[in-house]
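See below for the structure under consideration.
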Amino acid sequence: MADEYLARLHGVFGRQQETGDAATALLSEIWSMESWGDTAYCRILFELLAEAGRNERVRAILARNTDGVRALLSQVLKAGQARGEVDPALDPEHTSAMLIAIVDAAPMLPLMVPGIRFDESRALITTMVRRFLRPEG
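Each residue of the sequence shown is one higher than the one before, starting from 20 at the first, in the numbering used here.
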């Protein structure tokens with residue numbers, strides 16, 4: 020399952036990098052969703068996170084998968100830095116970890132904040148990431 024996810028992300032990020040917009044590429048998973056109903060599959064991650072705290076084997080699988088996603092995100096960030104659209108002061112490896120935390124937590128919003136609007140939330144996350152990545156000046 021993790022390998023299929025990484026293969027899908029490789030394809031999505033590869034296509035998005037051609038557009039030249041790092042934020043769009045980095046948030047392509049959220050933008051591929053149509054509603055909070057599309058996030059149900061993401062919630063298994065929280066089960067895995069809980070189990071990873073108890074089970075070293077699950078923790079290793081989760082870490083390996085996250086490393087793969089971080090490598091992809093880091094490539095997108097470096098390409099954005101080379102094009103001048105991502106702040107060169109941001110460390111791509113560390114920034115990729117923070118972006119994973121944001122994107123992975125987003126599907127939990129309707130559980131924590133019932134009635135929150137999907138389209139508005141997705142737009143706000145996009146604005147937040149774009150502003151975070153934007154070079155100063």
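A virtual CB, placed ideally from N, CA and C, is assigned to each residue, including glycine.
Spatially closest choice to residue i from the options, by CA coordinates
i	options	result
D110	F137, A90 and R136	A90
A116	E70, D86 and E139	D86
S156	V105, V88 and L68	Checking the sequence, you will find Gly at residue 156 rather than Ser. For G156, the nearest C-alpha among the options comes from V105.
E66	V88, A124 and V95	A124
Beta-carbon contacts of residue i that lie in its chain and below 6 Å, excluding the five residues immediately before and after
i	result
E112	S93
P107	Q100
Buried versus exposed, by CB contacts within 10 Å (16 or more), residue i
i	result
I63	exposed
A120	exposed
I144	buried
L130	exposed
L45	buried
A82	exposed
L68	exposed
T146	exposed
Chain-order list of residues whose beta-carbon lies under 7 Å from that of residue i (same chain, five-residue window excluded)
i	result
I135	L128 and P129
Should the stretch 75-83 be regarded as contacting the stretch 93-106, the criterion being three or more beta carbon pairs within less than 8 Å?
-> no
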